[in-house]
Structures are given as structure tokens and as C-alpha cells.
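Q:
Written out as C-alpha cells, the structure is:
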């Protein structure tokens, strides 16, 4: 069974899990050149809820955020790598400049960002708290970086 879902399928899953009394977390990012920092972030996010949905930036939104040479790995392959992780329950690709649309659609119990944020600096914090959700930070210190890996590889 694939973990890849559309936004609409993620909404249905989230609603079902809620009706079963389970908590839902949402993590998001580019996840280009998957590394241990990504894995630790997602494992930490999963530890904060019963189910974890991961929203992956599309290739176009990644280029807008990171520049014309990114992503290194195409969106479908990045999503497939995330699907293979035991800590993920669903993976979706989104095209917007930020994750707010996904958050509004899913209204997760917890929106989780990496340690390059603090709970106070998470851009979507007010929106998440408005529907009774909370924000959290997970993962190890930002010692691992796709940008640094790409530089080492001459990209």
C-alpha cells in the first residue's frame, strides 16, 4: 500500500484518524538529498502524535525557494523516499510557496518544524493556534544540510 496521497485523500485520512481518537502531526519541507537530519526531524515529529503526514515541496516550489539548481532529486522520488520511512503515515506533494494551504485543509493537532525554528518563530503559528492546534520543534540541532551536501558534490 502506498503512503502517497493527494491533499483530498490526506483530509479524509486525517478526519478518519481524528474520529478514531488519534492525534495527527504535519511536518513539511523539501527533503532534497535525504540525510540523517531529515530522518531525526521526522522521527521527532512522529513522536509528538499518533500519525504523521509529511508535505513535500514540489519541484517548482523548491526552485522558487532554493534556486534554479534545486531540487537535485525530483519530487516523486523525494516523496517515495519519505514513504519508505517507518515514521511516516502519509506523504503528499504540494505546490504552494508555503504550507498554509495544507495546514488549513488538514488542521493537524500539531504542526512540526525543524530546529532552525523555535516555537515562537514558526511562521504559521498563529494560524495553527487559531483552530486549537499547537506548533512544535523536533529533530537534532541543524548540523546537517542539503545545501552543504550539494556543495560537497559540486552542485
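Residue numbers (the working numbering): 17 to 171.
Glycine included, C-beta positions come from ideal geometry on N, C-alpha and C.
1. My output table needs one value for residue 41: the three-state DSSP class, helix, strand or coil.
2. Out of 52, 69, 129 and 126, state which residue places its alpha-carbon closest to the alpha-carbon of residue 14.
3. Apply the 10 Å Cβ neighbour rule to residue 94 and answer buried if 16 or more other Cβ atoms are within range, or exposed otherwise.
4. How would you call residue 147, buried or exposed, if buried means at least 16 neighbouring beta carbons within 10 angstroms?
5. Under DSSP, the alpha helix (DSSP H) around residue 81 begins and ends at which residues?
6. Is it right to say residue 67 is buried, meaning 16 or more other beta carbons lie within 10 angstroms of its own, or is it exposed?
7. What first and last residue would you give for the beta strand (DSSP E) that runs through residue 127?
8. If you reduce the DSSP assignment to three classes, tell me which class residue 144 lands in.
9. Could you confirm whether any beta carbon from chain B is found closer than 8 Å to the beta carbon of residue 133?
10. Secondary structure at residue 49, three-state DSSP: helix, strand or coil?
11. For residue 152, which of helix, strand or coil comes out of DSSP?
12. Taking DSSP's pairing of strands, which residues face residue 20 in a bridge?
13. What did DSSP end up calling residue 71 once you bin it into helix, strand or coil?
A: Let's see:
1. In the chain shown, residue 41 corresponds to position 25, counting from 1. Looking at residue 41 - three-state DSSP - the assignment turns out to be strand.
2. Residue 14 lies beyond the residue range present for the chain, which begins at 17 and ends at 171; the question has no answer from this structure.
3. Here the question's residue 94 lines up with position 78 in the chain shown. Its Cβ being crowded by 16 or more others within 10 Å, residue 94 is buried.
4. For this step, residue 147 is matched to residue 131 along the chain shown. It counts as exposed.
5. Stepping through the chain shown from its first residue, residue 81 is reached at position 65. It spans 75-82 - the alpha helix (DSSP H) in which residue 81 sits, taken as one unbroken run.
6. Against the chain shown, residue 67 aligns to sequence position 51. Taking every protein chain shown into account, the CB of residue 67 has 16 or more other CB atoms within 10 angstroms, so this residue is buried.
7. In the chain shown, the residue the question calls residue 127 occupies position 111. Note, residue 127: beta strand (DSSP E), 126-129.
8. Looking up residue 144 in the chain shown gives position 128. Here residue 144 sits in helix by DSSP.
9. In the displayed structure, chain B is absent; only one protein chain is listed.
10. The residue labelled residue 49 in the question sits at position 33 within the chain shown. In the structure shown, residue 49 adopts coil according to DSSP, grouped into three states.
11. Numbered from its first residue, the chain shown carries residue 152 at position 136. The answer is strand: DSSP assigns residue 152 an E or B state.
12. Indexing the chain shown from 1 puts residue 20 at position 4. Note: residue 20 sits in a beta bridge opposite 107.
13. If you number the chain shown from 1, residue 71 lands on position 55. Three-state DSSP puts residue 71 in a strand.
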